[in-house]
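Novice:
There are 2 protein chains.
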Amino acid sequence: MYFCSMYTFAEENYLKAIYKLSELDTQAVSTNAIADLLQTKAASVTDMIKKLSDKRLLKYEKYKGVELTDKGKKIAIETVRKHRLWECFLYDKLKFGWDEVHEIAEQLEHIQSEVLVDKLDEFLEFPTHDPHGDPIPGKNGIVKKTNFILLSELELDKKAIMAGVVDHSSVFLQYLNKLEITLGIQVQLVERNEYDGSIEIQIQRKKLHLSKEVAKNILVKLK
Amino acid sequence: MYFCSMYTFAEENYLKAIYKLSELDTQAVSTNAIADLLQTKAASVTDMIKKLSDKRLLKYEKYKGVELTDKGKKIAIETVRKHRLWECFLYDKLKFGWDEVHEIAEQLEHIQSEVLVDKLDEFLEFPTHDPHGDPIPGKNGIVKKTNFILLSELELDKKAIMAGVVDHSSVFLQYLNKLEITLGIQVQLVERNEYDGSIEIQIQRKKLHLSKEVAKNILVKLK
DNA sequence: AAATATTTTTAGACAAGCCTAAATTATGTA
DNA sequence: TACATAATTTAGGCTTGTCTAAAAATATTT
Numbered sequence: 000m001y002f003c004s005m006y007t008f009a010e011e012n013y014l015k016a017i018y019k020l021s022e023l024d025t026q027a028v029s030t031n032a033i034a035d036l037l038q039t040k041a042a043s044v045t046d047m048i049k050k051l052s053d054k055r056l057l058k059y060e061k062y063k064g065v066e067l068t069d070k071g072k073k074i075a076i077e078t079v080r081k082h083r084l085w086e087c088f089l090y091d092k093l094k095f096g097w098d099e100v101h102e103i104a105e106q107l108e109h110i111q112s113e114v115l116v117d118k119l120d121e122f123l124e125f126p127t128h129d130p131h132g133d134p135i136p137g138k139n140g141i142v143k144k145t146n147f148i149l150l151s152e153l154e155l156d157k158k159a160i161m162a163g164v165v166d167h168s169s170v171f172l173q174y175l176n177k178l179e180i181t182l183g184i185q186v187q188l189v190e191r192n193e194y195d196g197s198i199e200i201q202i203q204r205k206k207l208h209l210s211k212e213v214a215k216n217i218l219v220k221l222k
Numbered sequence: 000m001y002f003c004s005m006y007t008f009a010e011e012n013y014l015k016a017i018y019k020l021s022e023l024d025t026q027a028v029s030t031n032a033i034a035d036l037l038q039t040k041a042a043s044v045t046d047m048i049k050k051l052s053d054k055r056l057l058k059y060e061k062y063k064g065v066e067l068t069d070k071g072k073k074i075a076i077e078t079v080r081k082h083r084l085w086e087c088f089l090y091d092k093l094k095f096g097w098d099e100v101h102e103i104a105e106q107l108e109h110i111q112s113e114v115l116v117d118k119l120d121e122f123l124e125f126p127t128h129d130p131h132g133d134p135i136p137g138k139n140g141i142v143k144k145t146n147f148i149l150l151s152e153l154e155l156d157k158k159a160i161m162a163g164v165v166d167h168s169s170v171f172l173q174y175l176n177k178l179e180i181t182l183g184i185q186v187q188l189v190e191r192n193e194y195d196g197s198i199e200i201q202i203q204r205k206k207l208h209l210s211k212e213v214a215k216n217i218l219v220k221l222k
């Protein structure tokens, strides 16, 4: 290949997975955790880890898990940036549902062209969040921390704005579709049931009852 | 893989190449021709040909070249359709130059999602030609023949519209950029030099002298 | 028609990325 | 502390897609 910095789809997917896991936990990322996330086997992970270690994209000590190097983290964040920008494109421009964009963006994120990413960013008018409320890393690699809180932890009578989801699965997103819960709408906590943690919320002109399970997977931004 | 019909990048590229070559010539496509076009070795082509033949995507007789089956042709045309739609997107929406779109579209054409292609087509308002004037195959697989003629064969004093190129190389497209020759502009043949076949044309307010070499690579549509 | 040149195929090898099964190391518990 | 369990790595194998070198078939030339 004639590209100056070319990484394979598999390499980028591993780096992205390791980055995601390392954000959840300060400890080194374990082989099994990566295998679970990528739906592959631990032995395959060990193979790939060695290759990425040889390329100085992560630090690896046998039996001790891995940590991304700056170089590895940079590639991971670039991949996340591309993924989320493509999700915006699919959602805003092509009118895909928010439950449909992930799979296609999973392919598009591997397209190699720095200019393409920049032009896409400009075309979309520099979006800051993807259709699920996740922040889009900047060109400089900086990822803004969002200070969203769980809907399940919203105080009584407080108003907030629907801002994101924890669970990104199609099933969950489609359930929210059915309830007409979309990003940007106002929610107010009307009642909390202390027994099962379920809540009553007011959105638009409707009152909705949500289980604690659902409320724990919805992120809101205080007004 | 869970997709119903999944072909690898390599398979799609081979089918596309064979389709392209079979359009140039009614004969069966030779191994070497494929190797040349794909910048690979004849031995590699033989290997892949066998696989595609096993999958009933082409008919193959040893030492006799190959011919696409209907199934193989369908996939090739779908790939061309995707390639050209993405080129339109890059050119019309992201404002890439017509000399820059091919390489990126070469990657984008392999994204798997039928609904993506349809939505892209709609978003682009059903374009009929890509930024180089090549026709975009329909969803039904029908490729409209363009009745363009070579600028080198335009009759004296006749007016025509710049409609496409034969040579798709960046070097050639950039040369046309410099001359401000773009698709859609009117051209009139002012003079033909019988000695070297070079021509004098009138475009917008300018007169331009073009070598036969250049004129033979420009396609025009009679008014 | 025979000799030569070209094209195509075969044989064997390699890297990437995955797998299973077995061995090894780490961890948790009696 | 020793044993059992869990996590990780190694060993060896598979597929895809590529390559080189050599053999075989076809085409061309004399």
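Protein chains in written order, with this note's numbering: chain U, 0 to 222; chain S, 0 to 222.
We put the CB at the ideal spot given by N, CA and C, even for glycine.
What residues in the stretch 47-74 of chain U have a beta carbon less than 7 Å from any beta carbon of chain S?
Specialist: Going along the stretch 47-74 of chain U in chain order, one finds no residue with a Cβ nearer than 7 Å to chain S.
Novice: Is the beta carbon of H167/S within less than 7 Å of some heavy atom of the ligand ATP?
Specialist: The ligand content of the structure shown is nil, which means the ligand ATP is not present either.
Novice: State the beta-bridge partners of H225/U as determined by DSSP.
Specialist: Because chain U is modelled from 0 through 222, residue 225/U falls outside the range shown and cannot be assessed.
Novice: Would you list the one or two residues that DSSP bridges to E190/S?
Specialist: Counting from one through the second sequence, the residue named residue 190/S turns up at place 191. Paired residue(s): E199/S.
Novice: In terms of residue numbering, what span does the alpha helix (DSSP H) encompassing M161/U cover?
Specialist: In the first sequence, residue 161/U corresponds to position 162, counting from 1. Counting along the chain, M161/U falls outside any alpha helix (DSSP H), though it belongs to the beta strand (DSSP E) covering 158-164.
Novice: The alpha helix (DSSP H) that contains I217/S, what's its start and end?
Specialist: Position 218 of the second sequence, counting from 1, holds the residue named residue 217/S. No alpha helix (DSSP H) holds I217/S; the beta strand (DSSP E) holding it covers 217-221.
Novice: Specify, as a first and last residue, the run of the beta strand (DSSP E) that V65/U falls within.
Specialist: Your numbering for residue 65/U matches position 66 in the first sequence. Start and end: 65-67.
Novice: To the nearest whole angstrom, what separates the beta carbons of I33/S and A9/S, a pair I think is in contact under 8 Å?
Specialist: Walking along the second sequence from the start, residue 33/S turns up at place 34. Walking along the second sequence from the start, residue 9/S turns up at place 10. That belief does not hold up - the Cβ atoms of I33/S and A9/S are roughly 12 Å apart, past 8 Å.
Novice: Closer than 7 Å by C-beta to P136/S: which residues in its own chain qualify, once you throw out the five before and the five after it? Chain order, please.
Specialist: The residue you call residue 136/S lines up with position 137 of the second sequence. Cβ within range, chain order: I76, V79, R80, V142.
Novice: Cutting at 6 Å between CB atoms, please list the residues of its own chain near L221/S, excluding the five before and the five after it.
Specialist: Translated into the one-based positions of the second sequence, residue 221/S becomes position 222. Answer for L221/S: A159, listed in chain order.
Novice: State the Cα-Cα distance for the pair E82/S and A104/S, rounded to the nearest angstrom.
Specialist: By one-based count along the second sequence, residue 82/S stands at place 83. By one-based count along the second sequence, residue 104/S stands at place 105. The displayed chain sequence assigns His, not Glu, to residue 82/S. One C-alpha to the other measures close to 5 Å.
Novice: Near T68/U, which residues of its chain fall below 8 Å by C-beta distance, leaving aside the five closest residues on each side in sequence?
Specialist: Numbered from its first residue, the first sequence carries residue 68/U at position 69. Taken in chain order, the residues that qualify are R55, L56, L57, K58.
Novice: Whose C-beta lies closer than 8 Å to the C-beta of Q26/U among residues of the same chain, with five residues either side of it excluded?
Specialist: By 1-based counting over the first sequence, the position of residue 26/U is 27. Closer than 8 Å at the Cβ level, and outside the excluded window around Q26/U, lie G64.
Novice: Less than 7 Å between C-beta atoms, sequence neighbours within five positions excluded: which residues of the same chain meet that for V189/S?
Specialist: For the purposes of this step, residue 189/S is taken as the residue at position 190 of the second sequence. Around V189/S: E199, I200, Q201, K206.
Novice: On the criterion of 16 or more Cβ atoms from any shown chain inside 10 Å, does M0/S qualify as buried, or is it exposed?
Specialist: Here residue 0/S refers to the residue found at position 1 when the second sequence is read from its first residue. Because the pLDDT of M0/S is 36, which lies under 50, any placement of that residue in the model is unreliable, and the number read from its coordinates should be weighed accordingly. Result: exposed.
Novice: Report the residues of the stretch 75-107 of chain U with a CB closer than 9 Å to any CB of chain S, ordered along the chain.
Specialist: Answer set for the stretch 75-107 of chain U: L89, K92, L93, K94, F95, E99, E102, I103, Q106, L107.
Novice: Can you look up C3/S in the DSSP assignment and give me helix, strand or coil?
Specialist: By one-based count along the second sequence, residue 3/S stands at place 4. Unreliable placement is indicated for C3/S, whose pLDDT of 46 sits below 50; the coordinate value is still reported in the next sentence. Note: C3/S maps to coil in three-state DSSP.
Novice: Which residues, taken in chain order from the stretch 114-127 of chain S, show a beta carbon closer than 7 Å to some beta carbon of chain U?
Specialist: So the list reads L115, K118, L119, F122, given in the order they occur along the chain.
Novice: To the nearest whole angstrom, what separates the beta carbons of L150/U and V186/U, a pair I think is in contact under 8 Å?
Specialist: Looking up residue 150/U in the first sequence gives position 151. Looking up residue 186/U in the first sequence gives position 187. Their Cβ separation, rounded to whole angstroms, is 7 Å, which keeps L150/U and V186/U in contact under 8 Å.
Novice: Give me the DSSP bridge partner(s) of H208/U.
Specialist: The sequence position of residue 208/U within the first sequence is 209, counting from 1. Answer is E199/U.
Novice: What is the DSSP secondary structure of N12/U, counted as helix, strand or coil?
Specialist: For the purposes of this step, residue 12/U is taken as the residue at position 13 of the first sequence. Reduced to three states, the DSSP call for N12/U is helix.
Novice: I'd like to check one pair, D98/S with L36/S: are the Cβ atoms closer than 8 Å?
Specialist: Counting from 1 along the second sequence, the entry for residue 36/S is found at position 37. Counting from 1 along the second sequence, the entry for residue 98/S is found at position 99. In this structure, D98/S does not lie closer than 8 Å to L36/S by Cβ.
Novice: First and last residue of the beta strand (DSSP E) that includes K58/S?
Specialist: One-based indexing of the second sequence puts residue 58/S at position 59. Note, K58/S: beta strand (DSSP E), 57-59.
Novice: For I135/U, go through chain S and note every residue whose CB falls closer than 9 Å to its CB, in chain order.
Specialist: Reading the first sequence from its first residue, position 136 is the one you call residue 135/U. Here the premise fails: no neighbours, minimum Cβ distance about 17 Å.
Novice: Where does I76/U fall in DSSP's three states?
Specialist: The residue given as residue 76/U occupies position 77 in the first sequence. Three-state DSSP puts I76/U in a helix.
Novice: Check L100/U in the structure and name its three-state DSSP category.
Specialist: Looking up residue 100/U in the first sequence gives position 101. Reading off the sequence, residue 100/U comes out as Val, not Leu. Of the three classes helix, strand and coil, the one that applies to V100/U here is helix, per DSSP.
Novice: Pick from K49/S, V100/S, L93/S: whose alpha carbon is nearest that of D120/U?
Specialist: Here residue 120/U refers to the residue found at position 121 of the first sequence. Considering only alpha carbons, the answer is L93/S.
Novice: Please decide whether S169/U counts as near chain S, where near means a Cβ-Cβ distance under 8 Å.
Specialist: The residue labelled residue 169/U in the question sits at position 170 within the first sequence. Output row for S169/U: interface = no.
Novice: Out of D24/U, E108/U, G96/U, T30/U, which one is the CA nearest neighbour of I74/U?
Specialist: Here residue 74/U refers to the residue found at position 75 when the first sequence is read from its first residue. Looking at the Cα atoms, E108/U is the closest of the given residues.
Novice: For C87/S versus P130/S, is the C-beta distance shorter than 8 Å?
Specialist: If you number the second sequence from 1, residue 87/S lands on position 88. If you number the second sequence from 1, residue 130/S lands on position 131. Taking 8 Å as the Cβ cut-off, C87/S and P130/S qualify as a contacting pair.
Novice: Could you confirm whether any beta carbon from chain U is found closer than 8 Å to the beta carbon of Q111/S?
Specialist: The count along the second sequence starts at 1 and reaches residue 111/S at position 112. Cβ-Cβ to chain U under 8 Å: yes for Q111/S.
Novice: For K215/S and Y194/S, I'd like the C-alpha separation in whole angstroms.
Specialist: Within the second sequence, numbered from 1, the residue matching residue 215/S stands at position 216. Within the second sequence, numbered from 1, the residue matching residue 194/S stands at position 195. Each residue's alpha carbon lies about 16 Å from the other.
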